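Under UniProt numbering, the residue at position 78 of the sequence shown is numbered 78, and the numbers go up by one with no gaps.
C-beta: ideal position from N, C-alpha, C; glycine also.
Please read all numbers here as calculations on a predicted model, not as lab measurements.
Taking it in order: structure first as structure tokens, then the write-up.
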Amino acid sequence: MEPNIAYIANLIGDTARSRMLTALMAGKALTATELSLEADITPQTASSHLNKLLDGELLIVRKQGRHKYFQLKNRQIAELIEHMLNVS
């Protein structure tokens, strides 16, 4: 199955989601609360955005105790974001 470029661009193109993705580019896993602060949005709004990014397979999540940590799915996602930042 071919990737849906428009769908992925829409996911990355949202300001809040792009801020969260950029925060994750260093390879460190962050909580939804930490990502909400990076994106300057409420934790509830961040949760909605994170679910979209998970559905789009741009992120993975791992549970540690009662916390969920989000990180980019792979290095290719980070490279895609980096290339898009260089274009803009």
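My output table needs one value for residue i: the three-state DSSP class, helix, strand or coil.
{"i": "LYS63", "result": "strand"}
{"i": "LEU24", "result": "coil"}
{"i": "ILE41", "result": "coil"}
{"i": "ASN4", "result": "coil"}
{"i": "ASP14", "result": "coil"}
{"i": "GLU57", "result": "coil"}
Taking a contact to mean a Cβ-Cβ separation below 8 Å, would you say residue i touches residue j in this structure?
{"i": "MET25", "j": "ILE60", "result": "no"}
{"i": "LEU50", "j": "ALA32", "result": "yes"}
{"i": "ILE8", "j": "GLY56", "result": "yes"}
Could you round the C-beta distance between residue i and residue j to whole angstroms and report it? I think they count as a contact, below 8 Å.
{"i": "ALA29", "j": "TYR69", "result": "4 Å"}
{"i": "LEU11", "j": "ARG19", "result": "Not confirmed; about 13 Å, so no contact."}
{"i": "LEU72", "j": "ALA78", "result": "5 Å"}
{"i": "ALA46", "j": "LEU35", "result": "5 Å"}
Provide the residue(s) that pair with residue i in DSSP beta bridges, ordered along the chain.
{"i": "TYR69", "result": "ARG62"}
{"i": "LEU30", "result": "PHE70"}
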